[in-house]
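Accompanying notes for the structure given below.
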Amino acid sequence: MRPALPFAASLALLATPSLAEAPRVIADTPPVHSLVVRVMEGVGTPELLLPPGGSPHDAALRPSDARRLSQADLMVWTGPALLPWLPESLEALAPEARSLALLETEGWEALPLRHDPAFDTGPHDGHGHGHDEDDDHDAHDDDHGDDHDHDHDAMHGGDAGARQDPHAWLDPQVAAVWMEQLAEELARADPENAGLYRDNAAAAIAADAGMSDRIAARLAPLAGRPYLVPHDAYQYFETRFGLPAAGAIALSDATAPGAARLTALRERVEAGDIACVLSDPETPADLVTLLREGTGAATAATDPAGLGLTPGPDLYPALIEGLAQAFEECLG
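According to mature numbering (1 follows the signal peptide of the UniProt record, and there is no 0), the residues represented by the sequence shown are -20 to -1, 1 to 312, in order.
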């Protein structure tokens, strides 16, 4: 006969929280992981797939990542436009796992890739951005007709992935839609905690809406001031807060720019057409120095992928707030 458990231990087993039964969830990047943590608060803790400081643009799956992925019940990830290698890994390692590719969800407006990093090649007037036919494209002589197609309904999922700007988390309103979608996906996987998932999402969305309103008021006076982004990852933030960039040092995938591209940008900075050159962890610091050294252009550090932030529920608000502070510092 097996010995009876002590009374206190029996009560502890009966009172075991839903954490032990929570779906095993993996999120791909720090911003997405932060959104998932917030929605799962009080139920479980998702794991982060990419290592701390690891760029999604050049990520590679480690053996330890493969083991964790094989145990997942749900993979929450940005989408193939950011991590094109992940679908094959999911199929091989976790064929039974549910997959939520956030870029393929509905209810938000996707933006097309800007393949030409010269958004504005003339004197900046704070209005629309044109393309100069003499500008160097660094061997990216793509057909831009499709890239500037504003049929946003066609920008979700499937073949649209290659044309879609994947950095959509930089718009808090997009993140709000994603958290709603995530809460519903978790509710389907874990009906017992459906109410908590939805309540958590609603609370996080409300908090982010207040933050977004405050940031919009702070950034409004900066509209029309010309600046360069380190790589073309900021379009959703620019659009949400009315601060279109004058150009980018590198393309959306952080591909290194060519000499002609850098020369053209340097000429614009020297001419006084650029007030600020932002930096980020994925762009070599010497490129920013090269562009602004000896000029009056300011600079400030940004971290659009949260590579230098501590993973967790506070990462996403800190990321958006950090971007706002960098814009204020550089353009103020």
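Note that the Cβ used here is the ideal one computed from N, Cα and C, for glycine as well.
Can you tell me the Cα-Cα spacing of I195 and A226, whole angstroms?
Taking the straight line joining both Cα atoms gives about 21 Å.
If distances are taken between C-alpha atoms only, which option among L208, E262, A278 and Q153 comes closest to E86?
Checked all of L208, E262, A278 and Q153; the closest Cα to E86 is Q153.
Starting from the C-beta of A281, find all residues in its chain whose C-beta is less than 6 Å away, skip the five residues before and the five after it, and write them out in chain order.
The residues are S259.
Smallest Cα separation from V17: which of C310, A304 and T290?
Considering only alpha carbons, the answer is T290.
Which of the three DSSP states is assigned to L80 in this structure?
Looking at L80 - three-state DSSP - the assignment turns out to be strand.
Sorted by chain position, which residues of the same chain lie with C-beta nearer than 6 Å to V209's C-beta, five sequence neighbours on each side aside?
The residues are A225, A228 and L258.
Might you give, ordered along the chain, the residues of its own chain that have their beta carbon closer than 7 Å to the beta carbon of L311, omitting 5 neighbours on each side?
For L311, where only same-chain residues beyond five positions count, the Cβ hits under 7 Å are L202, R205, Y207, A255 and C256.
Sort out for me which residues DSSP pairs A7 with in a bridge.
Note: A7 sits in a beta bridge opposite L28 and V56.
Using 10 angstroms around the beta-carbon of G59, count the other beta-carbons present and answer buried if the total reaches 16, otherwise exposed.
Label assigned to G59: buried.
Run through DSSP, which three-state label would M(-20) get?
With a pLDDT of 44 at M(-20), under the threshold of 50, the modelled position of that residue is not reliable, and the figure given next carries that caveat. Coil at M(-20), not helix or strand.
Measuring CB atoms only, is the stretch 158 to 175 touching the stretch 229 to 243, in the sense that at least three cross pairs come out at less than 8 Å?
With a cut-off of 8 Å, the stretch 229 to 243 and the stretch 158 to 175 do not count as touching, because too few Cβ pairs lie within range.
What are the boundary residues of the alpha helix (DSSP H) that S259 is part of?
Note, S259: premise wrong, no alpha helix (DSSP H); beta strand (DSSP E) at C256 to S259.
Please say whether D145 and A81 have beta carbons closer to each other than 9 Å?
It is not a contact, given that the beta carbons lie outside the stated cut-off.
Provide the residue span of the alpha helix (DSSP H) that contains T243, from first to last.
First-last of the alpha helix (DSSP H) with T243: A239 to E250.
State yes or no: is the C-beta of S14 within less than 9 Å of the C-beta of G288?
Contact: no.
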